[in-house]
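Report on the following structure.
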Amino acid sequence: MALLDRFARPLRSLRISVTDRCNLRCQYCMPEPDYVWLPRESLLTFEEMCALVDAFTSCGVDRVRLTGGEPLLRRDLPVLIESLASRPGIADLALTTNGVLLAQQASALRAAGLHRITVSLDTLQADRFHRLTRMKELSSVLAGIDAAVGAGFTALKLDTVLIRGVNDDEIVALLEYASGIGAELRFIEYMDVGGATRWTGGAVVSRREMLDRIAAHYGAVLPIAEQSSAPADRFLLPDGTTFGIISSTTEPFCASCDRSRLTADGVWLLCLYASTGTDLRRPLRAGATREELGRLIQTIWSMRADRGAEERLGMDRETTLIPIRTLKRDAHLEMHTRGG
Ligand code: SAM
81 MALLDRFARP LRSLRISVTD RCNLRCQYCM PEPDYVWLPR ESLLTFEEMC ALVDAFTSCG
141 VDRVRLTGGE PLLRRDLPVL IESLASRPGI ADLALTTNGV LLAQQASALR AAGLHRITVS
201 LDTLQADRFH RLTRMKELSS VLAGIDAAVG AGFTALKLDT VLIRGVNDDE IVALLEYASG
261 IGAELRFIEY MDVGGATRWT GGAVVSRREM LDRIAAHYGA VLPIAEQSSA PADRFLLPDG
321 TTFGIISSTT EPFCASCDRS RLTADGVWLL CLYASTGTDL RRPLRAGATR EELGRLIQTI
381 WSMRADRGAE ERLGMDRETT LIPIRTLKRD AHLEMHTRGG
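Numbers 81 to 420, taken from the working numbering, label the letters of the sequence shown in order.
Below, the structure is given as structure tokens:
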């Protein structure tokens with residue numbers, strides 16, 4: 081019997097931020113040059129992450145995604161992956177990365193048993209990449225994508241946050257690039273999450289507008305009907321290309337959200353927009369057993385009533401943005417701490 085929350089949503093998917101650190105400074109996520117990082121001693125060890133994953137899988141989680149910050153900055157990540165991949169309860173083990181370090185690590189990730197990789201790619205223009213991220217790393221990212229394909233990661237996904245006036249003139253170029261390498265592109269609506277201190281409503285390119293612009297170039301865009309709790313709705317172009325749209329901002333999908341997040345220091349968040357979570361590191365380090373942690377997880381999930389993105393639809397979003405001074409006081413409010 082699946083564990084359900086107050087809106088009958090099952091607990092199935094866990095996103096683990098393995099580090100809050102990142103080697104890019106994307107303007108829509110970590111625009112500041114410097115950040116306060118979580119203290120090292122507070123970070124979960126791989127053994128602790130696996131112990132928590134065991135408690136989560138005992139409650140129904142069967143999909144785990146490693147994210148961050150930039151997960152490839154976490155030393156010896158393949159060791160964690162190997163350990164997670166050996167757990168029969170995990171049907172899907174995925175990683176989201178900015179790709180900068182992927183060329184060096186793709187083979188080791190594959191050998192460790194990682195199932196799937198998603199690479200964030202917002203532009204194909206080197207100077208724009210530099211302006212958007214503060215780093216001159218586009219060629220490393222593209223080499224990383226090639227290495228992932230070469231290492232045998234077949235279901236490769238590329239995620240693009242589309243921002244008006246920044247990269248929305250690259251819709252077609254990105255679609256063509258993705259289909260050329262056999263990957264599936266997913267456009268993400270720009271979200272007003274913690275860290276996105278430069279967000280404005282005017283910068284959001286809505287799902288509707290994306291579809292209109294893609295149809296104007298390619299012709300009819302057909303929705304692909306599928307039963308899935310994945311955040312992206314998928315579409316088919318006349319030439320057979322498929323792509324996805326994650327419309328968290330204008331058409332949120334809280335009703336089917338089976339995801340929760342674990343920060344690198346063990347705080348469990350029930351919603352990307354949640355301002356507080358449950359510290360699971362403390363009971364774990366105090367010696368709680370898997371059964372005890374599982375009971376805690378069950379109790380909390382069964383009370384879950386979050387609909388963060390839907391609630392924001394009715395708000396004046398420009399005033400819901402978290403000010404930088406508040407973000408500096410509580411790193412847990414940052415997107416890179418909670419795991420995107
Ligand atoms: N460093 C990794 C990466 O770049 O993929 C993983 C962490 S990153 C926070 C995860 C995803 O969140 C990325 O695809 C990123 O583009 C997305 N993201 C960050 N801030 C966002 C925002 N304001 N709106 C929409 N997506 C955002």
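The beta-carbon is built from N, C-alpha and C at its ideal position, and this holds for glycine as well.
Among the candidates the options, whose CA atom is the shortest distance from the CA of residue i?
{"i": "F233", "options": "R405, T213, L194 and E217", "result": "L194"}
{"i": "A312", "options": "A354, I294, A344 and L265", "result": "L265"}
{"i": "C130", "options": "L360, M415 and D410", "result": "L360"}
{"i": "A295", "options": "A305, R278 and L317", "result": "L317"}
{"i": "Q184", "options": "R341, G420, R155 and L132", "result": "R155"}
{"i": "E269", "options": "S259, I325 and G262", "result": "I325"}
{"i": "E371", "options": "S138, S163 and T417", "result": "S138"}
{"i": "Y353", "options": "G299, R120, M415 and D100", "result": "M415"}
{"i": "L181", "options": "I225, D207 and S163", "result": "I225"}
{"i": "Y298", "options": "T330, I304 and E256", "result": "E256"}
{"i": "T147", "options": "P363, S93, L393 and E250", "result": "S93"}
{"i": "A368", "options": "R86, I243 and D134", "result": "D134"}
Between which two residues does the beta strand (DSSP E) harbouring residue i extend?
{"i": "K237", "result": "K237 to L242"}
{"i": "W348", "result": "V347 to L349"}
{"i": "I404", "result": "Not the beta strand (DSSP E): I404 falls in the alpha helix (DSSP H), residues I404 to R409."}
{"i": "S308", "result": "Segment: none, S308 is in no beta strand (DSSP E) and carries neither H nor E."}
{"i": "R145", "result": "R143 to T147"}
{"i": "R196", "result": "R196 to S200"}
{"i": "T137", "result": "No beta strand (DSSP E) contains T137, which is instead part of the alpha helix (DSSP H) from F126 to T137."}
{"i": "S340", "result": "R339 to L342"}
{"i": "A335", "result": "Run containing A335: none; DSSP gives neither H nor E here."}
Could you check if residue i is buried or exposed, using at least 16 other CB atoms within 10 Å of its CB as the buried criterion?
{"i": "V141", "result": "buried"}
Which residues mark the beginning and the end of the alpha helix (DSSP H) in which residue i is found?
{"i": "V252", "result": "I251 to G260"}
{"i": "G282", "result": "That residue, G282, is in no alpha helix (DSSP H); it is neither H nor E in DSSP."}
{"i": "A263", "result": "Premise fails: A263 is in no alpha helix (DSSP H) and is neither H nor E."}
{"i": "L222", "result": "L218 to G230"}
{"i": "V387", "result": "Looking at the sequence itself, residue 387 is Arg, so the reference to Val does not match. Neither: R387 is in no alpha helix (DSSP H) and is coded neither H nor E."}
{"i": "L91", "result": "It is not in any alpha helix (DSSP H) - L91 carries neither H nor E in the DSSP assignment."}
{"i": "R375", "result": "R370 to S382"}
{"i": "S187", "result": "L182 to A192"}
{"i": "T417", "result": "M415 to R418"}
{"i": "F209", "result": "A206 to T213"}
Note to self: Below 8 Å, how does it come out for the stretch 195–204 and the stretch 214–225: are there three or more Cβ pairs, yes or no?
What the structure shows: Verdict: yes, contact present.
Check: Would you call the stretch 211–218 and the stretch 96–113 in contact, with 3 or more CB pairs under 8 Å?
Finding: yes
Item checked: At least 3 beta-carbon pairs within less than 8 Å: the stretch 375–391 vs the stretch 238–254 -> Too few Cβ pairs lie closer than 8 Å, so no.
Check: Pairing CB atoms from the stretch 109–128 with CB atoms from the stretch 347–355, are three or more of them under 8 Å?
Finding: Cβ pair count under 8 Å is below three, so no.
Next item on the list: Please determine if the stretch 336–347 and the stretch 282–301 are in contact, where contact requires at least 3 C-beta pairs separated by less than 8 Å.
Entry: no
Checklist line | Segment contact, 8 Å Cβ cut-off, at least three pairs: the stretch 159–166 with the stretch 382–392 | finding: no
Check: Contact between the stretch 115–126 and the stretch 332–339: three or more CB pairs below 8 Å?
Finding: no
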